[in-house]
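Colleague: So the sequences go chain by chain: A and B.
If you're matching positions, the first sequence starts at 3 in the numbering used here and goes up one per residue.
If you're matching positions, the second sequence starts at 98 in the numbering used here and goes up one per residue.
Beta carbons are placed, not taken as given, at the ideal position from N, Cα and C, and that holds for glycine.
Since this is a predicted model, take the numbers as computed values, not measurements.
Right, I'll just put the structure down here and ask away after.
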Amino acid sequence: MSDLERIAVFGGVYNNHLSLQAVLADARQQGAQRIYCLGDVGGFGPHPDRSVPILIEQDVLTMQGNYDDSIGNRLDDCQCGYTDPRDNHFAQISYNYTLAHTSDPHKDWLRDLPAGFRLEFAGQRLLFAHGSPRRVNEFLWESTTPEPFIRRLLRDFDADLIAVTHTGIHWQRRLADAPGRGLVNVGAIGRPANDGRTDVWYALLTASDPIQVEFRPVAYDHPRLAAEMREEGLPEEFVETILTGWWTTCLEILPARERARSRD
Amino acid sequence: MTRSLDLLELAARPAPGQQAPPTLPFVGLDTLWLQVTGTVCNIACTHCFITCGPKNLSHPFMELAHVRALLADARDLGVKEYYFTGGEPFLHPDIFTFIEETLAQGPLNILTNGILIDDAVAARLGALFAAGPYTLDLRVSLDGTSPKENDPIRGKGTFDKILAGGEQLLKHGINPVWTVTTVLAESGDAEGFARFKAILAERGFDRPRLKFIPPFKIGREERRGGGYGEHDLLVEGDLFEGEEHALQCGSCRMVTAKGVYPCPILIEVPAARMGDQLADALIPIKLDHPACTTCHVEGFSCRT
Chain A
3 MSDLERIAVF
13 GGVYNNHLSL
23 QAVLADARQQ
33 GAQRIYCLGD
43 VGGFGPHPDR
53 SVPILIEQDV
63 LTMQGNYDDS
73 IGNRLDDCQC
83 GYTDPRDNHF
93 AQISYNYTLA
103 HTSDPHKDWL
113 RDLPAGFRLE
123 FAGQRLLFAH
133 GSPRRVNEFL
143 WESTTPEPFI
153 RRLLRDFDAD
163 LIAVTHTGIH
173 WQRRLADAPG
183 RGLVNVGAIG
193 RPANDGRTDV
203 WYALLTASDP
213 IQVEFRPVAY
223 DHPRLAAEMR
233 EEGLPEEFVE
243 TILTGWWTTC
253 LEILPARERA
263 RSRD
Chain B
98 MTRSLDLLEL
108 AARPAPGQQA
118 PPTLPFVGLD
128 TLWLQVTGTV
138 CNIACTHCFI
148 TCGPKNLSHP
158 FMELAHVRAL
168 LADARDLGVK
178 EYYFTGGEPF
188 LHPDIFTFIE
198 ETLAQGPLNI
208 LTNGILIDDA
218 VAARLGALFA
228 AGPYTLDLRV
238 SLDGTSPKEN
248 DPIRGKGTFD
258 KILAGGEQLL
268 KHGINPVWTV
278 TTVLAESGDA
288 EGFARFKAIL
298 AERGFDRPRL
308 KFIPPFKIGR
318 EERRGGGYGE
328 HDLLVEGDLF
338 EGEEHALQCG
348 SCRMVTAKGV
358 YPCPILIEVP
368 AARMGDQLAD
378 ALIPIKLDHP
388 ACTTCHVEGF
398 SCRT
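See the structure below:
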């Protein structure tokens with residue numbers, strides 16, 4: 003039996019070393035005994051070589067996302083799974099920047115990350131994956147991930163609770179007849195959740211029956227991040243997202259329901 | 098992304114009909130298509146690959162009891178998303194019961210020509226879009242940027258009626274996906290894309306969603322634009338690794354009143370029928386029809 007009482011789970015660092023530090027501080031303050039990162043350390047933000055040392059030094063249990071696989075294996079693109087040409091255009095700008103500014107030791111570290119984690123927590127079988135347990139770049143959005151499909155994932159992958167990231171927007175859905183079971187998308191800490199707030203979000207899991215999942219907003223020095231992004235010559239569209247909390251790219255991948263809540 | 102077959106390689110190998118077709122693994126039922134109004138449609142487009150029209154009863158309307166049984170099976174199988182098509186789905190007297198009961202268990206896409214979407218229909222759809230836990234998408238077919246381009250394909254007067262239907266949806270909070278079959282090849286290029294965006298912007302669609310579909314050379318389209326050639330067959334070795342995740346038939350099945358089929362394209366191909374029940378059809382398939390080359394070569398998926 004595990005004696006863990008509280009763990010923090012986040013994903014999508016996207017080079018945002020400032021929000022990463024703020025999230026880790028908040029998680030420690032909240033009593034998280036272990037901290038998990040579900041992958042995608044690079045992309046979007048500035049200074050790719052700043053986040054990896056933080057993850058290592060602070061003992062964050064980090065798994066591999068599609069971005070980490072791409073950077074680690076020196077591939078040509080991020081394997082993000084976008085379909086729209088404009089989304090792919092901006093994704094490629096981030097990717098080229100991150101690939102060029104990630105040192106070889108850090109690339110090797112990303113290449114060798116595990117593909118997922120399993121643990122027992124509060125007597126439940128937790129499974130952590132990047133996109134979904136079956137595909138690293140599968141998008142699991144709130145409005146397109148129905149309860150019967152979640153039951154299927156839990157059944158197919160022998161889990162009670164699955165935590166994922168990859169979409170950048172946090173949500174959870176529990177089974178109506180078994181609230182301890184379900185799926186949690188922890189969102190991303192590298193950029194805001196397209197909600198008009200500049201905060202980023204992570205999940206704090208507390209051992210109880212059922213397991214309690216709290217999504218926590220974290221404020222950080224986002225004007226400083228925006229300044230660093232401009233100094234690095236990153237697209238103004240990305241800077242705008244950091245400063246406003248609204249996405250300006252990757253919008254076409256959003257389901258209609260999530261898109262209707264967007265600013266543009 | 099378009100992939101092209103190597104023509105020299107094609108010329109050098111035996112005729113496709115003499116080689117075994119590739120087998121596509123089945124990765125699980127993610128997507129369930131329902132041919133709710135069969136082949137019955139209020140219009141008769143010249144490119145329709147299943148020759149739908151007002152008088153085509155080849156596949157009749159689906160009955161409510163059948164749809165409910167399928168939804169129960171789909172729930173047990175963990176289906177991720179649903180699609181309604183026809184024919185024209187809004188001809189069905191029970192369509193809103195289908196929509197409401199489907200949306201209660203997953204996201205839904207409805208493929209329509211938009212002509213029957215008036216203020217009342219759009220208002221009901223808008224309320225359902227706003228209320229439920231799962232997303233609702235309407236795909237409205239439009240085949241040109243003017244009556245002159247569209248109406249010879251979809252029927253006289255349809256251009257204005259289609260756009261009016263789309264405008265009703267937008268008024269009620271649904272931004273439809275305009276679906277363009279590239280009968281006019283230039284529709285799908287960058288200039289064509291810009292022209293569609295421009296005419297939609299004039300009507301208030303400031304962030305238009307567009308999907309382009311290659312013509313499938315069967316049904317009425319075969320008579321309009323010609324059929325497949327003798328080399329249009331896939332053979333073992335043609336598929337790329339993991340193509341079962343890209344081709345929709347790796348994770349979808351289509352159900353009509355007449356049975357279960359691998360995909361929405363092949364319901365008029367008797368040999369493609371897989372059985373009466375979904376359970377009969379959750380198996381790998383052989384990609385042995387010429388239309389399979391369109392999806393493979395174009396990298397096309399019927400998904401929204």
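Nearest-angstrom Cα distance between Asp266(A) and Gly125(A)?
Modeller: On the first sequence, residue 266(A) is found 264 positions in, with the first residue counted as 1. On the first sequence, residue 125(A) is found 123 positions in, with the first residue counted as 1. Near 44 Å, if we compare the C-alpha coordinates of Gly125(A) and Asp266(A).
Colleague: Along chain B, in chain order, which residues have C-beta atoms closer than 9 Å to that of Thr146(A)?
Modeller: For this step, residue 146(A) is matched to residue 144 along the first sequence. Correct list: Lys177, Glu178, Gly203, Pro204, Tyr231, Thr232.
Colleague: Taking 7 Å as the threshold (beta carbon to beta carbon), is Arg172(B) in contact with chain A?
Modeller: The count along the second sequence starts at 1 and reaches residue 172(B) at position 75. Yes, contact with chain A.
Colleague: Classify Lys109(A): buried if its beta carbon has 16 or more other beta carbons within 10 angstroms, exposed otherwise.
Modeller: If you number the first sequence from 1, residue 109(A) lands on position 107. Classification for Lys109(A): buried.
Colleague: In the structure shown, what three-state DSSP assignment does Arg100(B) receive?
Modeller: What you label residue 100(B) is simply residue 3 of the second sequence in a count that begins at 1. Since pLDDT at Arg100(B) reaches only 44, below the 50 mark, its modelled position is unreliable, and the value read off the structure follows with that caveat. Residue state, collapsed to three classes: coil.
Colleague: Taking any Cβ of chain A, which residues in the stretch 261–274 of chain B have a Cβ under 8 Å from it, in chain order?
Modeller: Here the close residues are Gly270, Ile271, Asn272.
Colleague: Using DSSP bridges, identify the partner residues of Cys392(B).
Modeller: Position 295 of the second sequence, counting from 1, holds the residue named residue 392(B). DSSP lists no partner for Cys392(B).
Colleague: In chain order, what residues of the stretch 279–306 of chain B put their CB closer than 9 Å to some CB of chain A?
Modeller: Residues passing the 9 Å Cβ filter: Asp303, Arg304, Arg306.
Colleague: For Gly223(B), which residues in the same chain have their Cβ closer than 7 Å to its Cβ, ignoring the five residues on either side in sequence?
Modeller: Numbered from its first residue, the second sequence carries residue 223(B) at position 126. Excluding positions up to five away in sequence, the list reads His269, Gly270, Ile271.
Colleague: Can you list the residues of chain B that Asp266(A) reaches, using a CB-CB cut of under 8 Å?
Modeller: Numbered from its first residue, the first sequence carries residue 266(A) at position 264. Neighbours of Asp266(A) on chain B, chain order: Arg304.
Colleague: Can you list, in chain order, the residues of the stretch 144–170 of chain A whose Cβ is nearer than 9 Å to any Cβ on chain B?
Modeller: So the close ones are Glu144, Ser145, Thr146, Thr147, Pro148, Glu149, Pro150, Phe151, Ile152, Arg153, Arg154, Leu155, Arg157, Asp158.
Colleague: Which residues bound the alpha helix (DSSP H) around Ile192(B)?
Modeller: Here residue 192(B) refers to the residue found at position 95 when the second sequence is read from its first residue. Unbroken alpha helix (DSSP H) run through Ile192(B): 192–200.
Colleague: Please name the residue in Val25(A), Asn18(A), Gly14(A) whose C-alpha comes closest to that of Leu40(A).
Modeller: Locating residue 40(A) in the first sequence gives position 38, where the first residue counts as 1. The candidate whose alpha carbon is nearest that of Leu40(A) is Gly14(A).
Colleague: Of all the options Cys349(B), Ala354(B), Thr232(B), Phe337(B), which has the alpha carbon lying nearest to the alpha carbon of Gly396(B)?
Modeller: As a working mapping, residue 396(B) is identified with position 299 in the second sequence. The candidate whose alpha carbon is nearest that of Gly396(B) is Phe337(B).
Colleague: For Met351(B), list the residues DSSP reports as bridge partners.
Modeller: Position 254 of the second sequence, counted from the start, is the residue given in the question as residue 351(B). Answer by DSSP bridge pairing, in chain order: Trp130(B), Tyr358(B).
Colleague: Compare the C-alpha of Arg321(B) against each of Lys253(B), Cys145(B), Leu167(B), Gln116(B) and name the closest.
Modeller: Position 224 of the second sequence, counted from the first residue, corresponds to residue 321(B). Residue Cys145(B) is the option with its Cα nearest to Arg321(B).
Colleague: Closer than 9 Å between beta carbons: that is the criterion. Which residues of the stretch 232–263 of chain A meet it against chain B?
Modeller: Within the stretch 232–263 of chain A, the qualifying residues are Leu253, Glu254, Pro257, Ala258, Arg259, Glu260, Arg261, Ala262.
Colleague: To the nearest angstrom, report how far apart Gln23(A) and Ile164(A) are at their CA atoms.
Modeller: The sequence position of residue 23(A) within the first sequence is 21, counting from 1. The sequence position of residue 164(A) within the first sequence is 162, counting from 1. So the two alpha carbons sit approximately 25 Å from each other.
Colleague: With a 10 Å radius around its C-beta and 16 neighbouring C-beta atoms as the bar for buried, classify Gln32(A) as buried or exposed.
Modeller: By one-based count along the first sequence, residue 32(A) stands at place 30. Exposed, because fewer than 16 other Cβ atoms sit within 10 Å of the Cβ of Gln32(A).
Colleague: Label Leu112(A) either buried or exposed according to how many other C-beta atoms from any shown protein chain fall within 10 Å of its C-beta, with 16 as the threshold for buried.
Modeller: Walking along the first sequence from the start, residue 112(A) turns up at place 110. Leu112(A) comes out buried.
Colleague: Would you identify the three-state DSSP class for Phe141(A), choosing helix, strand or coil?
Modeller: Walking along the first sequence from the start, residue 141(A) turns up at place 139. Coil, per DSSP.
Colleague: Whose CA, out of Thr148(B), Ala117(B), Gly125(B), lies closest to the CA of Lys314(B)?
Modeller: Sequence index remark: in the second sequence, residue 314(B) carries index 217 (1-based). Comparing Cα positions, the closest option is Thr148(B).
Colleague: With a Cβ-Cβ cutoff of 7 Å, do Ile250(B) and Val274(B) count as a contact?
Modeller: In the second sequence, counting from the first residue as 1, residue 250(B) sits at position 153. In the second sequence, counting from the first residue as 1, residue 274(B) sits at position 177. Contact flag unset, no.
Colleague: For the alpha helix (DSSP H) that contains Leu167(B), what are its first and last residues?
Modeller: As a first step, residue 167(B) must be located in the second sequence, where it is residue number 70. Its alpha helix (DSSP H) spans residues 161–174.
Colleague: Does the stretch 366–384 of chain B come close enough to the stretch 349–358 of chain B to have 3 or more Cβ pairs within less than 8 Å?
Modeller: Yes, since at least three Cβ pairs between the stretch 366–384 of chain B and the stretch 349–358 of chain B fall closer than 8 Å, the two stretches touch.
Colleague: Does DSSP put Arg120(A) in a helix, in a strand, or in coil?
Modeller: Within the first sequence, the letter at position 118 stands for residue 120(A). Arg120(A): strand per DSSP, three-state reduction.
Colleague: Hey, quick one: how far does the alpha helix (DSSP H) through Gln214(A) stretch, first residue to last?
Modeller: Sequence index remark: in the first sequence, residue 214(A) carries index 212 (1-based). Careful: Gln214(A) lies outside any alpha helix (DSSP H), inside the beta strand (DSSP E) at 214–220.
Colleague: Would you list the residues sitting across from Phe46(A) in a DSSP beta bridge?
Modeller: On the first sequence, position 44 is the one that residue 46(A) refers to. Paired residues: none, contrary to the question.
Colleague: Would you kindly work out how many angstroms separate the C-alpha atoms of Ala190(A) and Thr167(A), rounded to a whole number?
Modeller: For this step, residue 190(A) is matched to residue 188 along the first sequence. For this step, residue 167(A) is matched to residue 165 along the first sequence. So the two alpha carbons sit approximately 7 Å from each other.
Colleague: Using three-state DSSP, classify Pro269(A) as helix, strand or coil.
Modeller: Since the first residue of chain A shown is 3 and the last is 266, residue 269(A) is not available in this structure.
Colleague: My output table needs one value for Tyr38(A): the three-state DSSP class, helix, strand or coil.
Modeller: As a first step, residue 38(A) is located in the first sequence; it is residue number 36 there, counting from the start. In this structure, Tyr38(A) counts as strand in the three-state DSSP scheme.
Colleague: Measure how close the beta-carbons of Leu379(B) and Leu208(B) come, nearest whole angstrom, since I'm counting them as under 8 Å.
Modeller: Residue numbering aside, residue 379(B) sits at position 282 when the second sequence is read from its first letter. Residue numbering aside, residue 208(B) sits at position 111 when the second sequence is read from its first letter. Contact flag wrong, Cβ pair sits at about 23 Å.
Colleague: In chain order, what residues of the same chain lie with their CB nearer than 8 Å to the CB of Leu121(B), ignoring the 5 residues before and after it?
Modeller: Position 24 of the second sequence, counting from 1, holds the residue named residue 121(B). Leu336, Glu340, Glu341, Leu344, Cys346, Gly347, Pro381, Ile382, Lys383, Leu384, listed in sequence order.
Colleague: Cα-Cα, which of Leu235(B), Ala141(B), Ala201(B), Ala369(B) is closest to Gln265(B)?
Modeller: Taking the second sequence and counting its residues from 1, one reaches residue 265(B) at position 168. The shortest Cα separation from Gln265(B) among Leu235(B), Ala141(B), Ala201(B), Ala369(B) belongs to Leu235(B).
Colleague: If we ignore side chains and look at the alpha-carbon of each, how far apart do Arg88(A) and Ala295(B) end up?
Modeller: One-based indexing of the first sequence puts residue 88(A) at position 86. One-based indexing of the second sequence puts residue 295(B) at position 198. If I take the Cα positions, the gap works out to 17 Å.
Colleague: With respect to the beta strand (DSSP E) encompassing Trp173(A), which residues constitute its N-terminal and C-terminal limits?
Modeller: As a first step, residue 173(A) is located in the first sequence; it is residue number 171 there, counting from the start. Unbroken beta strand (DSSP E) run through Trp173(A): 173–177.
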